[in-house]
Amino acid sequence: MPPQSFDTSGGSWRMVLAMLLSGTIGLLVVESGLPVMLVVWLRCLLGALGLAAWVAYSRQWLRPTRAEVGWLAVGGLALVLNWVCLFTAYGHSSIAVATVVYHVQPFILLLLAAMLGQEAMPVRKLPWLLLALVGVALSSGLLEGGHAASWAGVLLALAAASLYAVATLATQRLKRLSAAQIAMLQMVMGVLALAVPAWQLAASAQFSAKAWAAVAVLGLVHTAWMYTLMYAAFQRLSAQAIAGLSFIYPVVAVLVDLLWFGHHPAPLQALGMVLILLAVWAYRKGKS
1 MPPQSFDTSG
11 GSWRMVLAML
21 LSGTIGLLVV
31 ESGLPVMLVV
41 WLRCLLGALG
51 LAAWVAYSRQ
61 WLRPTRAEVG
71 WLAVGGLALV
81 LNWVCLFTAY
91 GHSSIAVATV
101 VYHVQPFILL
111 LLAAMLGQEA
121 MPVRKLPWLL
131 LALVGVALSS
141 GLLEGGHAAS
151 WAGVLLALAA
161 ASLYAVATLA
171 TQRLKRLSAA
181 QIAMLQMVMG
191 VLALAVPAWQ
201 LAASAQFSAK
211 AWAAVAVLGL
221 VHTAWMYTLM
231 YAAFQRLSAQ
241 AIAGLSFIYP
251 VVAVLVDLLW
261 FGHHPAPLQA
271 LGMVLILLAV
281 WAYRKGKS
């Protein structure tokens, strides 16, 4: 599809809104006060229901083949475990640090693709990978005497990014199915995979009105609606425009962490976050 004007295609406002919503996911997770595993299960359940309604309305349903069901299972399990790791990371470091470290996804995807023989590792990308790794080390806070929990949060964010890369590679094998149907079925996989631990946690969880509101918004707005916004934006915008607007997500997450929770990163942590974003921006700019 040739590049289209932002004003005429409507892709830019959809992408901006989707990224603004993404940046506030951490706020909803923390404010729900519920166990992470339960939050993820409810997000999968509500997101699957919302996306199922959209798939039915837009008539995008196709019956998956046996091979596609296998890749859906791999991608779905990786996707929900990615959320478990990322949401858990919020409590060990901060929303800002976890979100920015999570954005090393492109480099992890590049490494996995090279390991699987799908794509050669371009030498010109290595300096940006090294810069991102330096940023990760600084973001941990350990160089400034930070608590070991900060490092645990960084490791969980890296694990989340790795799982998301696995989900991406699995999804690339599903070219026949629509993106909305893939996301819906992956979330159904998540509902099934996390059903037992989620029900066990639900028995002792405190479901306040605030908790219900947070998970409802997370599942219906920040999952089902946000996915449809992103898919529509992807169809209308160039890769360069998508890469540029994607940086709204970590910036909003940093602002939420600063203004809502009052978390101020130490100077070296802030420098590390800037280095990560710079490395990812340079990498994506080179791909566009």
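In case it helps, full-length UniProt numbering puts the sequence shown at residues 1 to 288.
Here a beta-carbon is modelled for each residue, glycine too, at the ideal position from N, C-alpha and C.
Being a predicted model, the structure only gives us computed values, none of them experimental.
Rounded to the nearest angstrom, how far is the Cβ of Ala53 from that of Tyr102, given a contact under 8 angstroms? Looking up residue 53 in the sequence shown gives position 53. Looking up residue 102 in the sequence shown gives position 102. That pair is no contact at about 29 angstroms.
Rounded to a whole number of angstroms, what is the C-alpha to C-alpha distance between Thr8 and Ala233? For the purposes of this step, residue 8 is identified with residue 8 of the sequence shown, where counting begins at 1. For the purposes of this step, residue 233 is identified with residue 233 of the sequence shown, where counting begins at 1. Residue confidence is low: Thr8 scores 37 on pLDDT, short of 50, so the model does not pin down where it sits. Its coordinate-derived value is still stated next. Each residue's alpha carbon lies about 12 angstroms from the other.
Whole angstroms are fine: how far does the CA of Val215 sit from the CA of Leu42? Mapped onto the sequence shown, residue 42 falls at position 42. Mapped onto the sequence shown, residue 215 falls at position 215. If you take the alpha carbons of Leu42 and Val215, they lie about 7 angstroms apart.
Cα-Cα, which of Val123, Ala161, Arg66 and Trp71 is closest to Ala89? In the sequence shown, residue 89 corresponds to position 89, counting from 1. Out of Val123, Ala161, Arg66 and Trp71, Ala161 has the C-alpha closest to the C-alpha of Ala89.
So, are the CB atoms of Gln105 and Tyr164 less than 8 angstroms apart? Stepping through the sequence shown from its first residue, residue 105 is reached at position 105. Stepping through the sequence shown from its first residue, residue 164 is reached at position 164. In contact: Gln105 and Tyr164 (Cβ atoms closer than 8 angstroms).
Are Leu177 and Pro267 close, meaning C-beta to C-beta below 8 angstroms? The residue you call residue 177 lines up with position 177 of the sequence shown. The residue you call residue 267 lines up with position 267 of the sequence shown. The answer is no: Cβ separation not under 8 angstroms.
Which stretch, first to last residue, makes up the alpha helix (DSSP H) that contains Ser94? Within the sequence shown, the letter at position 94 stands for residue 94. It is not in any alpha helix (DSSP H) - Ser94 carries neither H nor E in the DSSP assignment.
Cα separation between Pro2 and His263? As a working mapping, residue 2 is identified with position 2 in the sequence shown. As a working mapping, residue 263 is identified with position 263 in the sequence shown. Because Pro2 sits at a pLDDT of 39, beneath the cut-off of 50, its placement in the model cannot be relied upon, and the following sentence gives the value as read from the coordinates. In a straight line, the C-alpha of Pro2 is about 43 angstroms away from that of His263.
Could you check where the alpha helix (DSSP H) with Trp61 kicks off and where it finishes? The count along the sequence shown starts at 1 and reaches residue 61 at position 61. Neither: Trp61 is in no alpha helix (DSSP H) and is coded neither H nor E.
Pair within 8 angstroms by beta-carbon distance, Leu169 and Ala113: Along the sequence shown, read from residue 1 onward, the residue named residue 169 stands at position 169. Along the sequence shown, read from residue 1 onward, the residue named residue 113 stands at position 113. Cβ distance < 8 angstroms, so Leu169 and Ala113 count as in contact.
Where does Phe207 fall in DSSP's three states? To locate residue 207, count along the sequence shown from 1; it is residue 207. Phe207 falls in the coil class under three-state DSSP.
Cα-Cα separation, Asn82 to Val40: Counting from 1 along the sequence shown, the entry for residue 82 is found at position 82. Counting from 1 along the sequence shown, the entry for residue 40 is found at position 40. Rounded to whole angstroms, Asn82 to Val40 spans 10 angstroms at the Cα level.
Enclosing alpha helix (DSSP H) for Gly135 [first to last residue]: As a working note, residue 135 is residue 135 in the sequence shown. Unbroken alpha helix (DSSP H) run through Gly135: Leu126 to Ser139.
Can you have a look at Ser12 and say buried or exposed, based on whether 16 or more other CB atoms are within 10 angstroms of its CB? For the purposes of this step, residue 12 is identified with residue 12 of the sequence shown, where counting begins at 1. Buried, because 16 or more other Cβ atoms sit within 10 Å of the Cβ of Ser12.
For Val252, which residues of its own chain have a beta-carbon under 8 angstroms away from its beta-carbon, when the five flanking residues on both sides are left out? Reading the sequence shown from its first residue, position 252 is the one you call residue 252. Cβ neighbours of Val252 beyond the five flanking positions: Met19, Leu20, Ser22, Gly23 and Thr24.
Taking the alpha helix (DSSP H) that Phe107 belongs to, which residues open and close that run? To locate residue 107, count along the sequence shown from 1; it is residue 107. Unbroken alpha helix (DSSP H) run through Phe107: Gln105 to Met115.
Using the rule of at least 16 other Cβ atoms within 10 Å of the residue's Cβ for burial, across every protein chain shown, is Arg14 buried or exposed? Locating residue 14 in the sequence shown gives position 14, where the first residue counts as 1. Answer is buried; the Cβ neighbour count reaches 16.
Between Val191, Ile182, Leu271 and Leu245, which lies nearest to Leu138 when the distance is taken from Cα to Cα? As a working note, residue 138 is residue 138 in the sequence shown. With distances taken between Cα atoms, Leu138 lies closest to Leu271.
6 angstroms Cβ shell around Thr99 - same chain, five flanking residues per side excluded: Along the sequence shown, read from residue 1 onward, the residue named residue 99 stands at position 99. Contacts found: Pro250 and Ala253.
For the alpha helix (DSSP H) that contains Gln200, what are its first and last residues? Walking along the sequence shown from the start, residue 200 turns up at place 200. Ala195 to Ala202 is the extent of the alpha helix (DSSP H) around Gln200.
Look up Val16 in the DSSP assignment and say whether it is helix, strand or coil. Here the question's residue 16 lines up with position 16 in the sequence shown. Residue state, collapsed to three classes: helix.
Please classify Val280 as buried or exposed, where buried requires at least 16 other C-beta atoms within 10 Å of its C-beta. Numbered from 1 along the sequence shown, position 280 holds the residue referred to as residue 280. Buried, by the Cβ-count rule.
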